[in-house]
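Trainee: Residues in the sequence shown are numbered consecutively from 957, following our numbering.
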Amino acid sequence: VWLRFFMYILLSVMLSTTWHDVGTKEESIMEILNVIFFIQGFMVFMSVSVLPAFLEEKAVFVKERANGAYGTLPFNLAHTIVDLPPLAVVALACSSICYFIIGLNNAPGRFVFFVVDLFMCFVAAESFMFLVAVIVPSFIAGLAVASCIYGGFLMCMGFFIRIDNIPWVWRWMHLISIHKYGFSSAVHNEFTGRVFTCGESTMWSCDDDNMIRGEKITEFYEYDATKKWQNMGVLLALAVGYRVTSIIYMHVVHTGKR
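1. Here's the rule I'm using: 16 or more other beta-carbon atoms within 10 Å means buried, otherwise exposed. How should residue 976 be labelled?
2. For residue 1086 and residue 1127, I'd like the C-alpha separation in whole angstroms.
3. If you follow the alpha helix (DSSP H) that residue 1067 is part of, which residue opens it and which one closes it?
4. In its own chain, which residues sit with a C-beta less than 7 Å from the C-beta of residue 984, not counting the 5 before and 5 after it?
5. Cα separation between residue 1083 and residue 1055?
6. Please confirm whether residue 1150 and residue 1032 have their CB atoms less than 7 Å apart.
7. The alpha helix (DSSP H) with residue 1196 in it runs from where to where?
8. What number of angstroms, rounded off, separates the C-alpha of residue 1099 from the C-alpha of residue 998?
9. List the whole-angstrom C-beta distance separating residue 1205 from residue 1090, where the pair is believed to meet the contact cut-off of C-beta under 8 Å.
10. If you draw a straight line from the alpha carbon of residue 965 to that of residue 1012, how long is it in whole angstroms?
11. Express the C-alpha separation of residue 1081 and residue 1134 in angstroms, rounding to a whole number.
12. Return the residue from the list 1046, 1040, 996 that minimises the CA-CA distance to residue 959.
13. Could you give the distance in angstroms between the alpha-carbon of residue 1116 and the alpha-carbon of residue 1196?
14. Would you grab the beta carbon distance between residue 1076 and residue 1108 for me? Rounded to a whole angstrom, and I think it's under 8 Å.
15. For residue 927, which residues from the same chain have a beta carbon less than 8 Å from its beta carbon, with the 5 sequence-adjacent residues on both sides left out?
16. Pick out whichever of 986, 1088, 1066, 1170 has its Cα sitting closest to the Cα of residue 1200.
17. Is residue 978 helix, strand or coil by DSSP?
18. So what does DSSP say about residue 1153, is it helix, strand or coil?
19. Give every residue of the same chain whose Cβ lies closer than 6 Å to the Cβ of residue 1067, excluding the five residues on either side of it in the sequence, and list them in chain order.
20. What three-state label does DSSP hand residue 1118 in the structure shown?
21. Quick check: what's the CA-CA separation for residue 1029 versus residue 1041?
22. One question on the structure: do residue 1073 and residue 1141 come within less than 7 Å of each other, judged by their Cβ atoms?
23. Could you please give me the residues that DSSP links to residue 1167 through a beta bridge?
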């Protein structure tokens, strides 16, 4: 736990010093988008680091269940409760380091939502990794499966390719992507109400007062209709869905041997 906490803190320091005080110029827009993507994308992807611990816990559970110590539901409930406080601490610590040094939106309530958004992404990601650990037989297999699925989530989240341009055969992955809900909410939270000074770029059209409204960025990425708190509910639903699926799978498959 402490090693993982240190890893997140170190990454946050590197992020905040690399993107230090991005400013409010036109070129700052892409820099802000990129750092939000990195925070939402890579930090969530780093949840694969919990896989070895989850596999060890699964092995202990199988033995304990075979001995009649406890069942599937108590184990999963306890596991979920124990996981939440460290995730909240990591989300708050990382956000506190990155948010103000980078120079993100300082409007009232925006920082609080940023923390909640990152926390909910961590919760959903760890629940997903727990499901992977329950199903796969080894660390290598779990790493391959998780990396492949996370790669699909990242590709279909709506940042690299507009949602309307995602082929129908993969668009379903956009709907279940953890990154999609976290990233779109973070972008909406950051750019709504912000203004940037026009530069020489022609990517964003300027208003008559030579300013770029943040709403133009959310409209470009089709995030203007995003309901950020509703997205937090979706992330919670995904986390619960992963945990319930884990409980069912463990109850049926991991019965242990007497």
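No residue lacks a Cβ here, since even glycine has one placed at the ideal position from N, Cα and C. The structure presented is a predicted model; accordingly, all values stated were derived computationally and were not measured.
Mentor: On the basis of the coordinates in this document:
1. As a first step, residue 976 is located in the sequence shown; it is residue number 20 there, counting from the start. Exposed, since its Cβ has fewer than 16 Cβ neighbours within 10 Å.
2. Numbered from 1 along the sequence shown, position 130 holds the residue referred to as residue 1086. Numbered from 1 along the sequence shown, position 171 holds the residue referred to as residue 1127. If you draw a straight line from the Cα of residue 1086 to the Cα of residue 1127, it is about 25 Å long.
3. The count along the sequence shown starts at 1 and reaches residue 1067 at position 111. Segment 1066 to 1091, the alpha helix (DSSP H) holding residue 1067.
4. By 1-based counting over the sequence shown, the position of residue 984 is 28. Residues 978, 1152 of the same chain have their beta carbon placed closer than 7 Å to that of residue 984, with the five preceding and five following residues left out of the count.
5. Here residue 1083 refers to the residue found at position 127 when the sequence shown is read from its first residue. Here residue 1055 refers to the residue found at position 99 when the sequence shown is read from its first residue. Spanning the two alpha carbons is a distance of roughly 26 Å.
6. Translated into positions along the sequence shown, residue 1150 becomes position 194. Translated into positions along the sequence shown, residue 1032 becomes position 76. No, they are not a contact pair.
7. The residue labelled residue 1196 in the question sits at position 240 within the sequence shown. Unbroken alpha helix (DSSP H) run through residue 1196: 1184 to 1209.
8. Taking the first residue of the sequence shown as position 1, residue 1099 is located at position 143. Taking the first residue of the sequence shown as position 1, residue 998 is located at position 42. If you take the alpha carbons of residue 1099 and residue 998, they lie about 15 Å apart.
9. On the sequence shown, position 249 is the one that residue 1205 refers to. On the sequence shown, position 134 is the one that residue 1090 refers to. The pair is a contact, with the Cβ atoms about 5 Å apart (cut-off 8 Å).
10. Residue mapping note: residue 965 aligns to position 9 of the sequence shown, counting from 1. Residue mapping note: residue 1012 aligns to position 56 of the sequence shown, counting from 1. A direct Cα-Cα distance of roughly 25 Å separates residue 965 from residue 1012.
11. Within the sequence shown, the letter at position 178 stands for residue 1134. Within the sequence shown, the letter at position 125 stands for residue 1081. Rounded to the nearest angstrom, the two C-alpha atoms are 7 Å apart.
12. One-based indexing of the sequence shown puts residue 959 at position 3. With respect to the C-alpha of residue 959, the residue from 1046, 1040, 996 having the closest C-alpha is 1046.
13. For the purposes of this step, residue 1116 is taken as the residue at position 160 of the sequence shown. For the purposes of this step, residue 1196 is taken as the residue at position 240 of the sequence shown. The alpha-carbon atoms of residue 1116 and residue 1196 are separated by roughly 28 Å.
14. Numbered from 1 along the sequence shown, position 120 holds the residue referred to as residue 1076. Numbered from 1 along the sequence shown, position 152 holds the residue referred to as residue 1108. With a Cβ gap of about 20 Å, residue 1076 and residue 1108 do not count as contacting.
15. Nothing can be reported for residue 927: it is not among the residues displayed for the chain, which extend from 957 to 1214.
16. To locate residue 1200, count along the sequence shown from 1; it is residue 244. From the listed residues 986, 1088, 1066, 1170, the smallest Cα separation to residue 1200 is found for 1088.
17. Here the question's residue 978 lines up with position 22 in the sequence shown. Of the three classes helix, strand and coil, the one that applies to residue 978 here is coil, per DSSP.
18. Position 197 of the sequence shown, counted from the start, is the residue given in the question as residue 1153. For residue 1153, the three-state secondary structure derived from DSSP is strand.
19. Numbered from its first residue, the sequence shown carries residue 1067 at position 111. Once the five neighbours on either side are set aside, the close Cβ partners of residue 1067 are 1055.
20. Here residue 1118 refers to the residue found at position 162 of the sequence shown. Assigned with DSSP and collapsed to three states, residue 1118 falls in coil, not helix or strand.
21. Counting from 1 along the sequence shown, the entry for residue 1029 is found at position 73. Counting from 1 along the sequence shown, the entry for residue 1041 is found at position 85. Residue 1029 and residue 1041: Cα-Cα distance of roughly 20 Å.
22. Along the sequence shown, read from residue 1 onward, the residue named residue 1073 stands at position 117. Along the sequence shown, read from residue 1 onward, the residue named residue 1141 stands at position 185. Yes, the pair counts as a contact, with Cβ atoms nearer than the cut-off.
23. For this step, residue 1167 is matched to residue 211 along the sequence shown. Partner(s): 1153.
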